[in-house]
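Some notes on the structure that comes next.
Numbering (my numbering), first residue to last: 22 to 123.
Here you go:
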């Protein structure tokens, strides 16, 4: 299992577009219906910092996520000068959970 947490801040005028891009990723993932990919994104209280939390069954599942057209568009838009702070990526290790993962 691979658990990825990413946090970054965008310019205020890009928040709505980033939310649209994230919604497109979620829609494409729902259509793909791969049980090995759990994806979530949150908007923090400052209204412009995002946190993504991905739980992936395998490296192959991670590759499927990042190869989605919606993910590629999200990534390209984000890096087109819309960041206030660059993404910080953390690989996490599950210690314990009430949920059964992969």
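All C-beta atoms, glycine included, are put in the ideal place defined by N, C-alpha and C.
Query, Result
"Could you tell me the boundaries of the beta strand (DSSP E) in which residue 123 lies?", "Careful: residue 123 lies outside any beta strand (DSSP E) and carries neither H nor E."
"On the DSSP bridge assignment, give the partners of residue 105 in chain order.", "In DSSP, residue 105 forms no bridge with anything."
"If residue 76 sits next to residue 51, beta carbons under 8 Å apart, how far is it from one beta carbon to the other, in whole angstroms?", "The Cβ separation is near 16 Å, so there is no contact."
"Please classify residue 80: does DSSP put it in a helix, a strand, or coil?", "helix"
"Inspect the beta-carbon positions of residue 82 and residue 54 and report whether they are closer than 8 Å.", "no"
"Quick one: what's got a C-beta closer than 8 Å to residue 115's C-beta in the same chain, skipping five residues either side?", "22, 24 and 122"
"Beta-carbon within less than 8 Å of residue 94's beta-carbon, same chain only, minus the 5 sequence neighbours each way: which residues are those?", "42 and 45"
"Quick check on this structure: which residue in 118, 102, 89 and 35 has the alpha carbon closest to the alpha carbon of residue 64?", "35"
"Nearest CA to the CA of residue 28: which residue from 118, 112 and 117?", "112"
"Is there at least one Cβ from chain B nearer than 8 Å to residue 108's Cβ?", "No chain B appears in this structure, which consists of one protein chain only."
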